[in-house]
Ligand code: SF4
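Written as structure tokens, this is what we have:
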């Protein structure tokens, strides 16, 4: 899609809005629109007699819609809203999240609620951002669930994230850096040894700062690609190195059922893990095959049975709407199956779409149908999960999500995973270890987040590990600055 901008610097938001309405198009900012080259958009502001004249003109290649408006000030919101209205008229489709393109809509709602109270904030969120009633209520439900967790935050609290970036095979839709074990097997032992060193350094840094650990999350990848012995060792090291007296939860993403064994679950339980994930994505064997997973729905059921036998009660199940070859009826069966397995948390993701030959070749009509079906799956999930007593507690969006929807974590009362709120809401410092991990430190004075990045891939993590350890000293430096500003 061609995008022509004139008289303003609102490129980022205009580009994102183009992707909301044309998620499969590559948006190119151009100097002049070349006619006959597919969809295009023109967003311009012109100064006339001391006022600003806004123009939004959009086309799908066959039909063109133009909107204009005048106002005194040059304002990003005015330009983007006008462009939104032009797209809305052109496509006849109102996106569920309106003109919001950010990944944290609940943060925006919180800001409005703090400013205007619950009713006023919700109304502003709905009206100003053109958010649908259903999504506004979903965001408000999420905000309410987060209330007790965010109210209990303390300045010196922190969460530990540990990354195990290996998976048994690579899923077809994966955009994560995870390495499949066939290719990366020889890296796993050195990776593990160096990870322990990074944990040791992290423990030294956080204890010298007097920070209090409130949550541990081991994610991936698939942490259960480690052996039962390695998992026991990892839990042992974490307990040896960190003070658990204020820790409220210890989560391990067991992840893919084909990596879960009784011995591994027993090692996790004995290692003090309080919650795990078992991630089916779907309970359709055909869809599992379509996405490159080498396990069956029966493996999922067996993993749940083993987890219950071992004594895990807080179990999250990740599902995805919009998987290739899935249907509304298929998704309904999956959700019913997962509810029957007794998951205390269900996270419903929308597939993040890559621009792919298959999808583009199918053309617009099929895309429209696909988006509608995905939206119907999500509506079904929302109403069934509410009906079964789950509440939404964290929510985020990505660009190019199927049906332009969201990912939402749902939990039964008393079973939510605090770490998901800390990291999505960026309301607590997270110190992260391992390849691809990002430490995010919250400055209690300004509320800003300072980031420290680890190397992305295991081979870099191994070959440049000295630098990773040095970067952990940055945690001390940043906390010292935070404290100086605060006192
Ligand atoms: S399990 Fe997750 S991280 Fe691993 S390949 Fe599949 S989508 Fe990627």
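Numbering (the working numbering), first residue to last: 195 to 681. Idealized CB from N, CA, C, for every residue including glycine.
List, from N- to C-terminal side, the beta strand (DSSP E) runs of 3 residues or more that fit wholly inside the region 239 to 264. 245 to 253
Do the region 629 to 637 and the region 357 to 364 make contact, defined as three or more Cβ pairs closer than 8 Å? yes
Classify residue 409: buried if its beta carbon has 16 or more other beta carbons within 10 angstroms, exposed otherwise. buried
State the Cα-Cα distance for the pair residue 254 and residue 233, rounded to the nearest angstrom. 4 Å
Under 8 Å, with one C-beta from each stretch per pair, do the region 612 to 619 and the region 644 to 662 reach the 3-pair mark? no
Backbone CA spacing between residue 685 and residue 609 [nearest angstrom]: No statement about residue 685 is possible, as the shown extent of the chain runs from 195 to 681 and does not include it.
Looking only at its own chain, which residues have a Cβ that is under 8 Å from the Cβ of residue 663, when we skip the five neighbours before and after it? 391, 392 and 395
Following a CB-centred definition, is residue 406 positioned closer than 7 Å to any heavy atom of the ligand SF4? no
Three-state class that DSSP yields for residue 342 in the structure shown: helix
Keeping to the same chain, check which residues put their C-beta closer than 7 Å to that of residue 340; ignore five residues upstream and five downstream. 587, 615 and 619
Residues in the same chain with beta-carbon distance under 8 Å from residue 638, minus the five sequence neighbours each way, listed in chain order, please. 349, 676 and 680
What whole-angstrom Cβ distance do residue 475 and residue 512 have, given they're in contact under 8 Å? 6 Å
Does the distance from the CB of residue 197 to the CB of residue 221 come in under 8 Å? yes
Compare the Cα-Cα distances from residue 440 to each of 412, 407 and 592 and report the closest residue. 407
Element boundaries [alpha helix (DSSP H), containing residue 439]: Residue 439 -> no alpha helix (DSSP H), and no H or E assigned at all.
Is residue 192 a contact residue of the ligand SF4, with contact defined as CB to any heavy atom under 7 Å? A query on residue 192 cannot be resolved here, the shown segment of the chain reaching from 195 to 681 and no further.
Close beta carbons around residue 244, own chain, < 8 Å, minus the five adjacent residues each side: 266
Leaving out the 5 sequence neighbours to the left and right, which residues in its chain are closer than 8 Å to residue 487 when beta-carbon positions are compared? 363, 365, 450, 452 and 475
Meets three-Cβ-pair contact criterion under 8 Å: the region 329 to 346 and the region 378 to 392: no
Considering only residues of the region 348 to 391, which uninterrupted beta strand (DSSP E) runs meet the minimum length of 3 residues and lie entirely inside it, listed in chain order? 351 to 358
Indicate, with yes or no, if the ligand SF4 has a heavy atom lying under 7 Å from the CB of residue 488. no
Could you check whether the Cβ of residue 603 sits closer than 7 Å to any heavy atom belonging to the ligand SF4? no
Under 8 Å between C-beta atoms of residue 468 and residue 508: yes
Span of the alpha helix (DSSP H), counted from its first residue to its last, around residue 598: Unbroken run through residue 598: none, as it is neither H nor E.
Span of the beta strand (DSSP E), counted from its first residue to its last, around residue 283: Not the beta strand (DSSP E): residue 283 falls in the alpha helix (DSSP H), residues 270 to 285.
Tell me whether residue 364 counts as near the ligand SF4, meaning its Cβ is closer than 7 Å to at least one heavy atom of that ligand. yes
Does DSSP classify residue 445 as helix, strand or coil? strand
For the alpha helix (DSSP H) containing residue 664, list its first residue and its last residue. 659 to 680
The alpha helix (DSSP H) enclosing residue 616, as first and last residue numbers: 612 to 619
With a threshold of 16 other CB atoms inside 10 Å of the CB of residue 223, please say whether the residue is buried or exposed. exposed
Chain C contact for residue 513 (CB, 8 Å cutoff): No chain C is present in this structure, which holds just one protein chain.
Which residue comes first and which comes last in the alpha helix (DSSP H) that contains residue 495? 491 to 504
Quick check on residue 646: does DSSP put it in helix, strand or coil? strand
Straight-line gap, residue 589 to residue 516 (C-alpha atoms, nearest Å): 17 Å
Could you tell me whether any non-hydrogen atom of the ligand SF4 is closer than 7 Å to the CB of residue 450? yes
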